[in-house]
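Enquirer: Chains as they are written, first to last, in the working numbering: chain P, 16 to 591; chain C, 16 to 591.
Before I ask anything, here is the structure I am working with.
Shown next as structure tokens:
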């Protein structure tokens, strides 16, 4: 139950404000997240981590000496946008290059990958190591498909300590990859969690039951049992991890391991210690030597009740990094060296926006686009609860709130752009950027791609033709399919996009006015979305089993249908 | 909801085992709790804190450099016994004397006061500063009656830093008293908590409501409202604290304050940060300068959902102590100096028990006493759930579990004593000590006092007469009334004890055999207990409003009645 909030759509922002205010000795706010407030020697590799909010201390809480240099902090359970990651990494960069590291979730992969490309293009050498420690989320043969959970921490810790020692970017990458290979976690859950302003839990576990392998956003597990005793749980966790030794380790006997027994939120410290008592005994019985165990909350999931156990199989170098000191808001260890506070002028911030010149015809078109974006924001507002409800069936239930944040931000950005004299292309680009940035998550990124592609086709000169709009839509659909890696039939928004694109192109080619063509295309999209939505009753309200990890699936098709219908209404009477 | 445990009666012990196992760098286990595992310079004042378990990181989690030297860790929500406090303090003592500091709860006051007397008698200069920061729990004119909540931490921190600087015991006491005067807290609660093995919450708050001023064990608050927004809550907390400035401070303007925004368990870090954002703004608006705020969990109450705000009004000396470094399992700050691990041989442990000689007649009497204690343990086991249920009406619901732990431990100790040849007095003393030590809480202490007083009257020589037993019971009742400060009519176990004592004495004086006299006395006790219990329906299941803070009230009378009846059965056929 989340009880304390103001406007739920502002929760993540206000949380970051309060967090930074309480921890100014260690972190300072930049666009997109936080960076260290302390000085880092020039030439040091910067470790930039991130992910959705709601997992404190992940991710902002572990920024500081000996750990991350910056954290991109997305909205609740939603990936930060590429722009957020780029902004934080630019601010964190000290000239030694950037390592991006984060847990393996589709939305995060999309955005961090995009950011990596932009950073490299901007001359900041950037690499990525994705954390895949959750053994329940895919077979060992497909370790690259596994999710990242509390093992994020061991990978971050090792990479950060290597950077602190002056390792080069290549060397830090090597360490992080080895740490990821040497880190295995398994988790269980006893309850779900409820996001701010939500009436119902995002997901749940039946009372008295335990979901084995459930992910920190409620991703499906591999088994469900009665809640065991503390000792039985310890055995289950230890046995599961000892059944899968990392490459090159053939027996636990004589090995040294870092250990994290992590609580997800509502499991209390006292319970963790009771479980740890038996975990420690079992590891010792197996011949392992435990090094600096951590029993507490390193990755949470709001008020979810759950526990995970992580083993970090050390070699001498990894052990040095595991034992190294750190001083962050939520994690402190040993004694770090004296440090100076960073002068704000030393942080490179994003540059101010420059509005390219546009002719009067394109400024006029921009005003029409603003009305369309206004219509989007309104229809999303009106349907936010319903979108959330649909998304909760097979996704994480945040589609309504995410779309709302994105569309509202796009409307503000579009208004500002119009006031500054922007043409259609610039207005759409600024809206796209605002949408992706504020909405976070996968759908935010996809709408950013879409608006941006349409803008590209419309340009900042001349009144756009119906053909240009149709070309823009084609570009948007191509972009979404390429970015999101979904095909028709995957039950994603692509199922509605493709008939929309095809109908629009056919009608425009046949000489129809834009308003008429758009309306017919919108009808085709709505019909396709409804077909997708028809699946819902059969999917039931059980835990998500969707194979696709594009979080918004059918809800995305449904919202797309609503939006193109709303835009159709704004086009009535237009003569393009 | 507490889900992870083995045997609920072993929960606190197993929790301490796991806690010590995970934090061996900072703490080591001793009888009764933990002490630092690191070396403290000889002559340093030792700060010994403590209280019931279930409040992690209070109290064991804040033992370490810069904070406490030892923590007496009681059972769940139950005071540690005097013996536990004495044991921990003896182990923590480095020759500079001991400061005992803890939150102001009746059970803790009883046990720590007893321990203080014993420590002083044993030549360890010992003083006490009780923390009374909760402004909702009594008017300012009766600050000494207020409970201690998260403000425990500021008092401990200041006292510990003073000790670390080499202050004498008198000076550390002065600092702790000033810190307590300068510390004010106010708390709110949104839900109760559930102890291990319990079917129902110990206490609760209606869904959607907020109990203003509710204590960390569910003690009644001063108001109940709907759950406010985060900003409204921040205003409520700040306004409440600014309405009561400490002595000598006439305006917040220009003052410096340490701040703790404390979560009690289920309120998430993210929510705390959202609230803190506005707290910080309000404090700044009031002209205060915030020094090193702490936003997190410093005193919890299992999975209770609640928040408290603490202001610590600093002067230069207190600010130095507030800013001082610390390194404990749950709280680390800045960089502490290098430190050596303590050699276990340097810790003074309690001495082994010596069994005084006893004659055959007294050994025979001891065997009869063992049967009586066995009967106590059996009847308590059989009625543990019922005792918990009765206690939950007006107390904290742990009477059944506490009596069970105590009686079982007494039975084990009595068996061992008998096997070692103990007489009646020694067997009762060892049972008394085991009961008080294992049961914790007020009833544990009272039963310890009672068994010990009976033993004193029986001696280790000769078969005890009925008159000796009656004298022992009179001594026991005197001891309980003096220790517990309760009178007949207060609805405590005294209501059953006094008629028991009076009937027994009258019958024995009149020449009745012990078995007959005891049976009649037991009937009188049962009748009195039933009269006390009759109040229950009228008290309803609402939140406790009992004025007496002797937690077990009517349940104690009821269990006393059961016990003396069970003993009566063991005496049938005895010819004393």
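By construction, the Cβ of each residue, glycine as well, lies at the ideal position given by its N, Cα and C atoms.
If you measure from the beta carbon of residue 136 of chain P to each beta carbon in chain C, is any gap under 7 Å?
Expert: No, its Cβ sits nowhere closer than 7 Å to a Cβ of chain C.
Enquirer: For the region 307-325 of chain C against the region 164-173 of chain C, do three or more pairs of beta-carbon atoms, one drawn from each stretch, fall closer than 8 Å, so that the two count as touching?
Expert: Contact between the region 307-325 of chain C and the region 164-173 of chain C is present, because at least three Cβ pairs lie under 8 Å.
Enquirer: Identify, in the order they occur along the chain, each residue of the same chain with its Cβ nearer than 8 Å to the Cβ of residue 302 of chain C, setting aside the five sequence neighbours on each side.
Expert: Once the five neighbours on either side are set aside, the close Cβ partners of residue 302 of chain C are 266, 267, 268, 269, 270.
Enquirer: May I have a chain-ordered list of the alpha helix (DSSP H) segments no shorter than 4 residues that lie completely inside the region 39-74 of chain P?
Expert: Runs of the alpha helix (DSSP H) inside the region 39-74 of chain P: none found.
Enquirer: State yes or no: is the C-beta of residue 515 of chain P within less than 7 Å of the C-beta of residue 464 of chain P?
Expert: Result no, Cβ atoms of residue 515 of chain P and residue 464 of chain P do not sit closer than 7 Å.
Enquirer: Looking at the structure shown, is residue 341 of chain C part of a helix, part of a strand, or coil, going by DSSP?
Expert: Three-state DSSP puts residue 341 of chain C in a strand.
Enquirer: Just tell me which of C:102, C:260, C:96, C:282 has its CA closest to the CA of residue 158 of chain C.
Expert: Comparing Cα positions, the closest option is C:260.
Enquirer: Examine chain C for any beta-carbon lying closer than 7 Å to the beta-carbon of residue 289 of chain P, and answer yes or no.
Expert: At least one chain C Cβ lies under 7 Å of residue 289 of chain P.
Enquirer: For residue 371 of chain P, report the span of its beta strand (DSSP E) as first-last.
Expert: First-last for residue 371 of chain P: undefined, no H or E at that position.
Enquirer: At 7 Å on the CB atoms, spell out the chain P contacts of residue 308 of chain C, in chain order.
Expert: Those within 7 Å of residue 308 of chain C in chain P are 37.
Enquirer: Specify, as a first and last residue, the run of the alpha helix (DSSP H) that residue 246 of chain C falls within.
Expert: Residues 245-257.
Enquirer: For residue 144 of chain P, return the contacting residues in chain C, with the cut-off set at a CB-CB distance below 7 Å.
Expert: Chain C residues near residue 144 of chain P: none, gap ~26 Å exceeds 7 Å.
Enquirer: Which class does residue 291 of chain P belong to by DSSP, given the choice of helix, strand or coil?
Expert: Of the three classes helix, strand and coil, the one that applies to residue 291 of chain P here is helix, per DSSP.
Enquirer: Check whether the Cβ atoms of residue 218 of chain C and residue 202 of chain C sit closer than 7 Å, and answer yes or no.
Expert: In this structure, residue 202 of chain C does not lie closer than 7 Å to residue 218 of chain C by Cβ.
Enquirer: What does a CB cutoff of less than 8 Å around residue 49 of chain P pick up in its chain, not counting 5 residues either side in sequence?
Expert: So the list reads 31, 34, 35, 42, 43, 75, 78, 85, 86, 88, 103, once near-sequence residues are dropped.
Enquirer: I want to see whether chain C comes within less than 7 Å of residue 117 of chain P, judged by CB atoms only; does it?
Expert: No, its Cβ sits nowhere closer than 7 Å to a Cβ of chain C.
Enquirer: On the three-pair Cβ rule with 8 Å, is the region 114-128 of chain P touching the region 457-476 of chain P?
Expert: These segments touch.
Enquirer: Name the chain P residues whose beta carbon is nearer than 7 Å to that of residue 248 of chain C?
Expert: In chain order: 19.
Enquirer: In chain order, what residues of the same chain lie with their CB nearer than 6 Å to the CB of residue 401 of chain C, ignoring the 5 residues before and after it?
Expert: Once the five neighbours on either side are set aside, residue 401 of chain C has no close Cβ partner at all.
Enquirer: If you draw a straight line from the alpha carbon of residue 372 of chain C to that of residue 434 of chain C, how long is it in whole angstroms?
Expert: Roughly 13 Å between the two C-alpha positions.
Enquirer: Consult DSSP for residue 145 of chain C and reduce its assignment to one of helix, strand or coil.
Expert: Three-state DSSP puts residue 145 of chain C in a strand.
Enquirer: Distance, Cα to Cα, residue 180 of chain C vs residue 114 of chain C?
Expert: Whole-angstrom Cα-Cα distance: 15 Å.
Enquirer: Distance check for residue 245 of chain C and residue 283 of chain C, CA to CA, integer angstroms please.
Expert: In a straight line, the C-alpha of residue 283 of chain C is about 13 Å away from that of residue 245 of chain C.
Enquirer: When we look at the beta-carbon of residue 237 of chain P and count the other beta-carbons within 10 Å, is it buried (16 or more) or exposed?
Expert: Exposed is the call here.
Enquirer: Under 7 Å between C-beta atoms, does residue 229 of chain P make it to chain C?
Expert: So, not an interface residue.
Enquirer: On a CA-only basis, which of C:273, C:416, C:432 is nearest residue 334 of chain C? Give me that one, please.
Expert: Residue C:273 is the option with its Cα nearest to residue 334 of chain C.
Enquirer: In whole angstroms, what is the alpha-carbon distance linking residue 441 of chain P and residue 482 of chain P?
Expert: Roughly 19 Å between the two C-alpha positions.
Enquirer: How is residue 238 of chain P classed by DSSP in three states: helix, strand or coil?
Expert: DSSP places residue 238 of chain P in strand when its eight states are reduced to three.
Enquirer: Which one or two residues does DSSP pair with residue 356 of chain P in a beta bridge?
Expert: Paired residue(s): P:53.
Enquirer: Tell me which residues share the same chain as residue 574 of chain P and place their Cβ nearer than 6 Å to its Cβ, disregarding the 5 neighbours each side in the sequence.
Expert: Cβ within range, chain order: 402, 418.
Enquirer: State yes or no: is the beta carbon of residue 92 of chain C nearer than 7 Å to at least one beta carbon in chain P?
Expert: So, not an interface residue.
Enquirer: Can you tell me the Cα-Cα spacing of residue 345 of chain P and residue 281 of chain P, whole angstroms?
Expert: About 17 Å.
Enquirer: Quick one: Cα of residue 70 of chain C to Cα of residue 431 of chain C, how far?
Expert: Going by the C-alpha atoms only, they are around 34 Å apart.
Enquirer: Whose Cβ in chain C lies nearer than 9 Å to the Cβ of residue 334 of chain P?
Expert: Result: empty, since nearest Cβ-Cβ is about 15 Å, beyond 9 Å.
Enquirer: Which residues mark the beginning and the end of the beta strand (DSSP E) in which residue 88 of chain C is found?
Expert: Unbroken beta strand (DSSP E) run through residue 88 of chain C: 85-91.
Enquirer: Skipping 5 residues on each side, what residues in its chain have a beta carbon closer than 6 Å to that of residue 533 of chain C?
Expert: Here the set comprises 583, 586.
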